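Chemist: Got a structure for you, questions after.
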Amino acid sequence: MTAAPDPALESKLNKAAYVISAAVLLLVGVMRRVKIPSPVDFGFLPPIHAALNALTAVILVAALVAIKQRRVELHRRLIYGALGASGAFLLSYVTYHFTKREVQFGDADHDGVLSAVERAAVSGSRPVYLAVLASHVVLAAAVLPFVLMTFNRAFTRQFDRHRAMARWVYPLWLYVAVTGPVCYLLLRPYYP
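Put into structure tokens, the structure is as follows:
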């Protein structure tokens, strides 16, 4: 016999999701302004960020295929994997940005300043990069609490509510996971 749905537990877990989301947003906001000196050069992390985002995307597609095939246990394990890859991405991303200055699209001489010549050289592609980056960042921030709440609904065995929320959360999470590596590939020529 399966356990009954647990809305009370979901409520508690959703509160935790809000706290986690707020903490992540605060960290992301602070890391752009605060730099922590480190004896380790974390300049190697950006391709790892991209790989973890790409891995998340692949796992999410596999999870969708699994649930369409009614392979619920495989779907569950894959979603745990996607959450794990996303969590590892977040740790890597925050570590990098707390210890390294931000790279600007078009900064060919890596001096941290986008000169008029550099700006002119990327005038056609910079708006595309900024549009992809903006959509990625805004959706990443917006979707995080909903990813956690969607997970909470399944974890508390409220599967109808889980499916209803997953229908719109899943494509947003997948978009964020795909556009992360796209942003990296577009920015890659400007890393020192």
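Okay, so the sequence shown: first residue is 161 according to my numbering, each after it adds one. Yeah, the Cβ is synthetic: ideal placement off N, Cα and C, and Gly gets one too. Given the structure is predicted, the values throughout are model-derived calculations rather than measurements.
Rounded C-beta distance between H191 and V254? I'm assuming under 8 Å.
Modeler: The residue you asked about is not His; residue 191 is Met in the sequence shown. Contact holds; Cβ gap of about 6 Å.
Chemist: Note down, in chain order, each residue of its chain lying with its Cβ closer than 7 Å to the Cβ of S246, except the 5 sequence neighbours on either side.
Modeler: The answer, listed in chain order, is T216.
Chemist: Please report the distance separating the alpha-carbon of M161 from that of R317.
Modeler: At M161, the pLDDT of 44 sits below 50, so the modelled position is not reliable; the number obtained from the coordinates is stated separately. Taking the straight line from one Cα to the other gives about 13 Å.
Chemist: Comparing alpha-carbon positions, which option in A163, A164, A177 lies nearest L304?
Modeler: Closest option to L304, Cα to Cα, is A177.
Chemist: Count the other CB atoms, across all protein chains shown, that sit within 10 Å of the CB of W328; report buried if there are 16 or more and exposed otherwise.
Modeler: Exposed: under 16 other Cβ atoms inside 10 Å.
Chemist: Using the rule of at least 16 other Cβ atoms within 10 Å of the residue's Cβ for burial, across every protein chain shown, is L290 buried or exposed?
Modeler: Burial call: exposed.
Chemist: Tell me whether R237 sits in a helix, a strand or coil according to DSSP, three-state version.
Modeler: Here R237 sits in helix by DSSP.
Chemist: I'd like the list of long-range same chain contacts for A183, defined as Cβ closer than 6 Å, with 5 residues on each side in sequence excluded.
Modeler: Correct list: empty, nothing qualifies.
Chemist: Mind checking P206: buried by the 16 CB within 10 Å criterion, or exposed?
Modeler: It is buried - the Cβ of P206 has at least 16 other Cβ atoms within 10 Å.
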